[in-house]
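Numbering (the numbering used here), first residue to last: 9 to 353. Backbone N, C-alpha and C fix where the C-beta goes; we use that ideal spot for every residue, glycine too.
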C-alpha cells in the first residue's frame with residue numbers, strides 16, 4: 009500500500025490482474041478516472057451481478073459509516089465487491105477519519121475506490137489526505153499533454169481491434185480538441201463509420217467531421233502562421249457558418265501563438281527543425297513548413313499578438329463587440345494588418 013502512480017501505470021497493473029483492496033483516485037481528468045473504474049468493474053463484476061456487487065456512491069449523499077458498511081459486506085455473486093465513492097472531499101474531517109480506520113484493515117473481498125477531483129498532488133503531502141494516500145494505491149489523473157493525445161487516440165482505437173494512421177489521429181485531435189470525452193464520442197462514430205475495415209485513415213476523419221482540409225481549424229492555424237489574411241478570413245467565415253464557437257476558435261489561435269513563441273525560442277537555441285516540430289507538439293506530416301513560416305514573426309510582434317489575444321478574449325466574454333468581429337480584427341492583427349482604429353471603437 010501507499011504506492012503513487014499515474015493512469016498508465018495503473019492500466020499496466022490491471023492488465024497483469026494486480027488489483028488492490030483500496031484505491032485513491034485524485035486529480036482533474038475525470039474521463040480517465042471513469043475508464044479506470046470501468047476497467048475494474050469489467051474485471052471484478054459479472055454483468056448479472058452488477059446490481060448486487062457494485063456500488064457507486066457520492067459523498068455528499070451518504071455517510072462514511074454507510075460506505076464502510078457496504079465495503080464490509082461480502083459479495084453476493086462475484087469473488088469481490090467493487091465500491092466507488094466519488095467526491096470524498098465533501099466528507100467532514102471526522103468522517104474521513106472513519107474511512108481511515110477501515111483503510112488500516114480493509115476487507116480483501118472488496119475493492120474500495122475513493123475519488124476526488126479537488127485533491128491535487130500537493131494536497132497529498134499533508135493532513136488527512138496524506139494518511140489516506142499512504143494506505144491506498146494512489147493514482148493521480150493528470151490532464152494529458154496535447155502531445156500525448158494522438159497516442160491516446162491510437163491506443164483507444166487499438167483496444168477496439170483497429171488501427172488509425174498517425175496523420176488521422178493527429179487530424180482528429182486538431183479538429184475535435186483535447187477534451188477526452190468529446191474525442192471518445194468522435195472515436196465511437198469512427199468505429200461505426202469504418203465498419204469492418206481494420207484501419208482508420210485520414211479520409212475517414214475528414215468525411216466524419218464533415219469538412220475538407222481546406223476549411224478546417226487546422227488550416228486556419230496554418231493560414232495565420234503564413235500571414236495569409238485573405239485565406240484566414242475566408243476559413244474563419246466557413247468555420248463560424250458551420251457552427252464553431254468563437255471561444256473555441258480563439259483558444260486554438262491562442263495555442264498556436266504560444267507554439268510560435270516557444271518555437272522561436274528553440275530556434276534561438278539552434279534546435280533542428282524536426283526537433284522544433286516535435287517539441288511544440290505538431291505533426292511532421294502536416295506542419296513540416298512550420299519552422300520556416302514562423303520566421304515571419306518578430307519577438308516584438310509576438311508579444312503584441314499575445315496582448316491582442318488577451319484583449320480579444322475579454323471582448324468576447326463581456327460582449328463588447330460581436331464575437332465574429334472580434335475574431336476578424338484579431339486575425340487582421342496577427343496577419344500584420346493595422347486595426348488600431350477598429351479596436352478602439
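query: Touching by the beta-carbon criterion (3+ pairs, under 8 Å), the segment 75–87 and the segment 190–197; result: no
query: CB-CB length for residue 149 against residue 15, believed under 8 Å; result: 6 Å
query: Spatial neighbours of residue 126 in its chain, beta-carbon cut-off 6 Å, leaving aside the 5 residues before and after; result: 97
query: Inter-residue Cα distance where the pair is residue 69 and residue 288; result: 44 Å
query: Own chain, CB closer than 8 Å to residue 348, minus 5 neighbours either side, in chain order; result: Because residue 348 sits at a pLDDT of 45, beneath the cut-off of 50, its placement in the model cannot be relied upon, and the following sentence gives the value as read from the coordinates. Around residue 348: no qualifying Cβ.
query: Contact set for residue 207: own chain, Cβ-Cβ below 8 Å, skip 5 residues either direction; result: 170, 171, 172, 173
query: Neighbourhood of residue 87 by C-beta distance below 8 Å, restricted to the same chain and skipping five residues each side; result: 52, 117
query: Given 8 Å, three or more beta-carbon pairs between the segment 27–37 and the segment 126–142; result: yes
query: For residue 58 and residue 41, the rounded distance between their alpha carbons; result: 19 Å
query: Expected contact under 8 Å - CB spacing of residue 260 and residue 225 to nearest Å; result: 5 Å
query: Exposed unless 16 or more other CB atoms sit within 10 angstroms - verdict on residue 240; result: buried
query: Unbroken alpha helix (DSSP H) run spanning residue 197, endpoints; result: 188–202
query: Start-to-end residues for the beta strand (DSSP E) that takes in residue 68; result: Note, residue 68: premise wrong, no beta strand (DSSP E); not H, not E.
query: Minimum C-alpha distance to residue 121 - residue among 334, 128, 111; result: 111
query: DSSP three-state assignment for residue 288, whether helix, strand or coil; result: coil
query: Unbroken alpha helix (DSSP H) run spanning residue 209, endpoints; result: That residue, residue 209, is in no alpha helix (DSSP H); it is neither H nor E in DSSP.
query: Residue 324 vs residue 258 beta-carbon contact at 8 Å; result: yes
query: Helix, strand or coil at residue 360 according to DSSP, with G and I counted as helix; result: A query on residue 360 cannot be resolved here, the shown segment of the chain reaching from 9 to 353 and no further.
query: Among 147, 278, 180, nearest to residue 27 - alpha-carbon criterion; result: 147
query: Identity of the residues DSSP links to residue 123 by a beta bridge; result: 33
query: Beta-carbon proximity check, residue 93 vs residue 130, cutoff 8 Å; result: no
query: Start and end residues, beta strand (DSSP E) containing residue 90; result: 89–94
query: Three CB pairs or more closer than 8 Å across the segment 154–170 and the segment 179–186; result: yes
query: Three-state secondary structure assigned by DSSP to residue 115; result: coil
query: For residue 172: DSSP bridge partner residues; result: 208
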